[in-house]
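Q:
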Amino acid sequence: MNAFRLVGDLCHLAAIVLLLLKIWKSRSVAGLSGKSQILFGLVFVTRYLDLVTNFVSPYNTIMKVFFLSSSIATVYLIYTKFKATYDGNHDTFRMEFLLIPCALLAIVVNHEFSPMEILWTFSIYLEAVAILPQLFMISKTGEAETITSHYLFALGSYRGLYIMNWLYRYYYENNFDVIAVVAGIVQTVLYCDFFYLYITKVLQGKKLQLPA
Amino acid sequence: CMEKQMKDEL
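Protein chains in written order, with our numbering: chain A, 95 to 306; chain B, 56 to 65.
1. Name, please, each residue of chain B whose Cβ falls closer than 7 angstroms to the Cβ of D103 of chain A.
2. Which of the three DSSP states is assigned to C56 of chain B in this structure?
3. Answer with buried or exposed for C56 of chain B, where buried requires no fewer than 16 other C-beta atoms within 10 angstroms of its C-beta.
4. Going by DSSP, what residue range makes up the alpha helix (DSSP H) through K129 of chain A?
5. Does the region 171 to 181 of chain A touch the region 244 to 260 of chain A, meaning 3 or more C-beta pairs lie closer than 8 angstroms?
6. Cα separation between F270 of chain A and R121 of chain A?
7. Within a Cβ cutoff of 8 angstroms, which residues of the same chain sit near K234 of chain A, ignoring the five residues on either side of it in sequence?
8. Which residue or residues does DSSP assign as beta-bridge partners of L302 of chain A?
9. Give the DSSP-derived three-state secondary structure of M231 of chain A in the structure shown.
10. Could you list which residues in chain B have their beta carbon closer than 8 angstroms to that of K158 of chain A, in chain order?
Here it is, written out as structure tokens:
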């Protein structure tokens with residue numbers, strides 16, 4: 095464990111807590127893409143299958159359990175409890191356009207042709223693009239609530255910090271996974287225009303509005 | 056192999 099990865103995990107944790115806080119305090123899921131949350135849930139389910147078979151550390155297990163349960167809870171809140179406030183008309187990104195290519199790529203490009211490894215690879219590829227429905231929804235509505243933009247900033251930063259973690263592990267631990275690194279770079283790049291808007295708008299106290 | 060160690064990440 096290094097500082098980059100620890101701070102990255104804490105950003106990821108903060109993002110998920112921020113999202114749950116937004117939903118719980120505003121009693122609304124307005125502006126949230128249920129599809130992205132479903133995809134994130136799928137990422138955790140396919141990545142943490144080894145939760146009970148492969149013990150790494152108490153920290154690792156506790157974080158995996160929290161990520162799994164919170165992502166499932168978020169999907170539940172969006173599609174059942176606060177369904178009335180779910181803006182389905184703007185959450186129209188076709189998930190199959192992400193699921194099928196990621197599944198095919200995971201079958202073709204992986205480290206080992208075994209079920210666990212292919213599912214792990216699928217979760218890595220899917221996580222890189224899972225935010226697209228949410229970014230697409232914001233581009234359609236033209237705006238995002240401030241707390242939603244904080245959520246996105248924390249979520250985008252987490253994988254950016256992981257890239258630093260991979261650099262660190264490459265130089266100091268001679269440890270490198272090209273699949274995780276390439277997907278992580280793609281994932282972080284997808285947030286760049288949002289990062290620009292967040293820093294120039296939200297941090298100036300303005301609401302996140304996309305140029306019409 | 057190196058990748059196996061990466062499975063210690065979240």
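Even for Gly, the Cβ is constructed at its ideal location relative to N, Cα and C.
A: Based on what the coordinates show:
1. L65, listed in chain order.
2. Note that C56 of chain B scores 43 on pLDDT, short of 50, meaning its location in the model is unreliable and no value can be drawn from it.
3. The pLDDT assigned to C56 of chain B is 43, lower than 50, so where the model puts this residue is not dependable, and the model offers no usable value.
4. In this chain, the alpha helix (DSSP H) harbouring K129 of chain A covers 128 to 141.
5. Cβ pair count under 8 angstroms is below three, so no.
6. So the alpha carbons of these two residues sit roughly 43 angstroms apart.
7. In its chain, beyond the 5 residues on either side, H184, T186 have a beta carbon closer than 8 angstroms to the beta carbon of K234 of chain A.
8. Residue pairing for L302 of chain A: DSSP places it in a beta bridge opposite A:A238.
9. Residue state, collapsed to three classes: helix.
10. Near K158 of chain A (Cβ distances below 8 angstroms), the residues of chain B are L65.
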